[in-house]
Amino acid sequence: MISKNSEVILSVKDLTAEVEGVQILKGMNLEIKAGEIHAIMGPNGSGKSTFSKVLAGHPDYTVTGGEVRFRGQNLLDMEPEDRAKVGVFLAFQYPIEIPGVSNLDFLRVAYNSKRKYQGLEELDAFDFDELVQQKLDVVKMDPAFLSRSVNEGFSGGEKKRNEILQMALLEPYLAILDETDSGLDIDALKIVANGVNHLTTPDNAILMITHYQRLLDYVVPDFVHVMANGRILTSGGKELALELEARGYDWVLEEEVVAAR
Amino acid sequence: MTIQVSTLPEARDAGVQARADRATYLANLLDLRSGLTGLGLPDGAVASLQAIREAAAVRVQELAIPSTREEEWRFTDLSPLLQVSFANINSQATLVAASDIASLPLPEAADSRLVFVNGSYAPHLSSVSGLSSDVFVGSLADAFQQPALQMRITNYLAKQPGGHEVFTSLNTASLTDGAVVWIPRGLVVEQPIQLLFISVGSATPTFNQPRCLVVAEASSRFTLVESYTSLGDGVYFTNPVTEVWLEGNAQVNHTRVQQDSTAAFHIGKTAVSVERNAHYTCQDIQFGASLARHNLEVFQVGEQTEIVLNGLTLLEGTQVGDTHSTIAYSKPYGASRQIHKCIVDDRAHAVFNGKIFVPKAAQLTDAGQLSKNLLLSPKARVDTKPQLEIVADNVKCSHGATVSQLENDEVFYLQSRGIDETNARKLLVYAFAYEVIQEIPVDSLRQQLAALVRSHQC
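These protein sequence lines are chains A and B, in that order.
All residue numbers in the first sequence are consecutive under the working numbering, ending with 294.
All residue numbers in the second sequence are consecutive under the working numbering, ending with 1143.
Here you go:
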């Protein structure tokens, strides 16, 4: 789905960020166009998850430099909820449980807050129910999940499927999947991956953050970036992921050290 | 012989004087009690009530309003109460019309409720026509007119352990009328019974002392809702005492909702005795009053009892809300589950003290207690203290306490789904309270309290 003339969805230039005074991102550069699937891989502590949280606007992280433009708009100026409304979606590694709030109500509130922002009429309970029933199939979810409290008592796989269901409803321009493969058995991984594949269009883009190559067997990336020490060291096609799987991360880090000399 | 006192004479004198002032204040509250004449009570009833009252009055005369030097009142300072003089305004019940209280009675208890205004029975606002004639739900004065009940009431009234405590004694010494719920042996009442206590504010601060006697005879089962609320925003002090008796195999589900005016003082006692095989469940909801204290005391007096205490306190502004609970075991094979949650905002102060006594005789007790607290503001304060005294050596007892704030990660998760920060926080506060709210067995009350928590501005 890569096309030279595609719209630039995300443009990150020289982004630096810190948490509690410790610099984590040290000059990130990345451009993602509509229709593309990107994967960021890297060892633990490389700053992958921080990058995803900074893009979505987590309050614990302070941006100290650089810029992030999302479809031409300055993303860093926006509150997290506004980023969601303009089309940034972060699928969480550890989704929060919300007792007492039914999944259906939660999905409807999230969906309608975006509709409202777009100047569209909010959907009532009946219309929304119809919509959500169609989307359930994307992640093969039992309708019984809708009446349960958000993520409460869900297994790891069910939580991740619930994240993809939210993505299906919110139809973001950019979906960031933060370690969505962690803690999933192979069947759950396939369901989640199929859901993601089903949701890709020429108009949106996907950014996967992952430690392992496993997810990339099912959601095949157009670009793979290796991140360490708060920035992208090297980028390539999907074959880079296979090389990382076979050789580990050390050779990339060593090449970086050699280049620095 | 002389006794050396290390305290400086002036300081000692100040302390003595303060104690004397607190004793005088208490004596003045006792003086506000009304007499027993003119209630139409049978002579026998007057005599028994008189005896109960005077025994308590003798105790009151020896006591004083407690200070924070007393362990039981360490975290709750009653000084603001001492700044106010109260009057007893009786017989105002008829001034309140049904239309004034339209939203207060529960629809589920439309014809199974008693209403009291400033502690006095309001028959024109009450209706028990939906209940079986085998059940007695009515005023204490009416109960004394029932030959079958007259003698038995005196076997239960003011007979719970712990009645020597100062505010309970004050209530007992002033006993004139009250609510009686008497469910006979083996009867199951599906419809919830509501006891609604309304305090009406006026220009003069007023004082009232509701009293309830609830008896669940053997193998009976029912749901009780006890509500405290107000009309108007005047200052008042309410000092209710509720005694609940569960005979063998009885099941009582009791929800106590305190939504007094934020100008009010509320010091309440719930004393419960649980006999063999009986199940007592309590939802203790505390949202109102400027200064509130609830002593919830459950006495296990038979084997194989089951006790469940669910508590929820929500405070804001400068409210003080104190819950002191006790579960006193005395027999083997008892089980209890207690969860108490406090949500504290602004400069409010919540106190939870949870005692569990397991003496030698109470072998194979299984008691669990959890205190969870959510602070919504840097100035909010909570004092929580589990207090387990275990002598028996073959028991399972656990306790835990947590104090937390709303986590950034939680708020952020909701924001990342397009929900603004204010609504995200509201939703998370509701989610914290839900574990207790969901246990309320009456739909309209559960929904009403859920909406109240959900609308809390934080």
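Backbone N, C-alpha and C fix where the C-beta goes; we use that ideal spot for every residue, glycine too.
Quantities reported herein were computed from a predicted structural model and do not represent experimental measurements.
*Taking DSSP as the reference, what is the three-state secondary structure of A/Thr-267?*
The answer is strand: DSSP assigns A/Thr-267 an E or B state.
_Burial state of A/Trp-284, where buried means 16 or more other Cβ atoms lie within 10 Å_ = exposed
*Which first and last residues belong to the alpha helix (DSSP H) in which B/Arg-1139 is found?*
1128–1139
_What does the alpha-carbon distance come out to for the pair A/Ile-209 and A/Ser-82?_
10 Å
_At 4 residues or longer, what runs of the alpha helix (DSSP H) sit wholly inside the stretch 719–774 of chain B?_
728–747 and 764–767
*B/Asn-1093 CB to nearest chain A CB: under 9 Å?*
Any Cβ of chain A closer than 9 Å to the Cβ of B/Asn-1093 would place that residue at the interface, and such an atom is present.
*With respect to the alpha helix (DSSP H) encompassing A/Lys-149, which residues constitute its N-terminal and C-terminal limits?*
Where A/Lys-149 is concerned, the enclosing alpha helix (DSSP H) stretches over 136–150.
*Chain-ordered neighbours of B/Glu-1124 on chain A, where CB pairs are closer than 9 Å*: What B/Glu-1124 touches in chain A: nothing, since even the nearest Cβ is about 12 Å away.
_Interface residues of the stretch 135–151 of chain A facing chain B [CB-CB below 7 Å]_ = So the close ones are Val-142, Ala-143, Ser-146 and Lys-147.
*asked:* Which same chain residues end up closer than 7 Å to A/Lys-271 when comparing Cβ atoms and leaving out the 5 residues on each side of it in sequence?
replied: Leu-249, Val-253, Pro-254 and Val-257
*Show which residues of chain B have a CB atom less than 9 Å away from the CB atom of A/Gln-126.*
Under the 9 Å cutoff, chain B gives no residues; its nearest Cβ is about 11 Å from A/Gln-126.
*asked:* Here's the rule: buried if 16 or more other CB atoms are within 10 angstroms of the residue's CB, otherwise exposed. What is B/Lys-1026?
replied: buried
*What residues in its chain sit with their C-beta under 8 Å from that of B/Met-686, if we drop five residues either side in the sequence?*
Because the pLDDT of B/Met-686 is 46, which lies under 50, any placement of that residue in the model is unreliable, and the number read from its coordinates should be weighed accordingly. Same-chain partners within the cutoff: there are none.
*Determine contact between the stretch 958–978 of chain B and the stretch 747–766 of chain B, defined as no fewer than three beta-carbon pairs at a distance below 8 Å.*
yes
*Reduced DSSP category for B/Thr-676 - H, G, I as helix; E, B as strand; rest coil*: Since the first residue shown for chain B is 686 and the last is 1143, residue 676 of chain B is missing from the structure and cannot be characterised.
*Enumerate in chain order the residues of its own chain whose CB-to-CB distance from B/Thr-998 is below 6 Å, with the five nearest sequence positions on each side excluded.*
Gln-971, Gly-1006, Cys-1027 and Ala-1035
*Can you name the start and end residues of the alpha helix (DSSP H) that B/Val-781 belongs to?*
No alpha helix (DSSP H) holds B/Val-781; DSSP gives it neither H nor E.
_Any chain B beta carbon closer than 9 Å to A/Leu-63_ = It does not: the Cβ of A/Leu-63 has no partner Cβ on chain B nearer than 9 Å.
*When burial is assigned at 16 or more other CB atoms within 10 Å of the CB, is B/Pro-1146 buried or exposed?*
For residue 1146 of chain B there is no data in the structure shown, the boundaries of chain B being 686 and 1143.
*Between the CA atoms of B/Val-1067 and B/Ala-1033 - distance to the nearest angstrom*: 8 Å
*Could you tell me whether the Cβ of A/Ala-89 comes closer than 9 Å to any Cβ of chain B?*
yes
*Using a C-beta cutoff of 9 Å, does B/Gly-919 count as contacting chain A?*
no
*Since B/His-1084 contacts B/Leu-1073 with CB under 8 Å, what's their CB separation in whole angstroms?*
6 Å
*Where do the ends of the beta strand (DSSP E) carrying B/Tyr-913 lie?*
906–916
_Buried versus exposed call for B/Gly-953 [16 or more other C-beta atoms within 10 Å across all chains shown]_ = With 16 or more other Cβ atoms from the protein chains shown falling within 10 Å of its own Cβ, B/Gly-953 counts as buried.
*Note down, in chain order, every chain B residue with its Cβ under 7 Å from the Cβ of A/Lys-118.*
Taking the beta carbon of A/Lys-118 as reference, the chain B residues within 7 Å of it are Gly-1103, listed in sequence order.
*Sort out for me which residues DSSP pairs B/Lys-1040 with in a bridge.*
B/Thr-1011 and B/Gln-1072
*A/Leu-123: contacting residues in chain B (beta-carbon distance under 8 Å)*: Near A/Leu-123 (Cβ distances below 8 Å), the residues of chain B are Ser-1101.
*Can you tell me whether DSSP reads B/Ile-1024 as helix, strand or coil?*
strand
_Nearest to B/Ser-915 (by Cα), restricted to the options B/Arg-870, B/Pro-1071, B/Thr-861 and B/Leu-789_ = B/Leu-789
*Are the CB atoms of B/Gln-894 and B/Thr-923 nearer to each other than 9 Å?*
yes
*Inter-stretch contact (C-beta, 8 Å, three-pair minimum) for the stretch 982–994 of chain B and the stretch 1013–1023 of chain B*: yes
*Cβ of B/Leu-1055 within 9 Å of any chain A Cβ*: no
*asked:* According to DSSP, B/Asn-1058 sits in a beta bridge with which residue or residues?
replied: B/Cys-1027 and B/Val-1088
*What separation, rounded to the nearest whole angstrom, lies between the Cα atoms of A/Gly-133 and B/Ala-1116?*
5 Å
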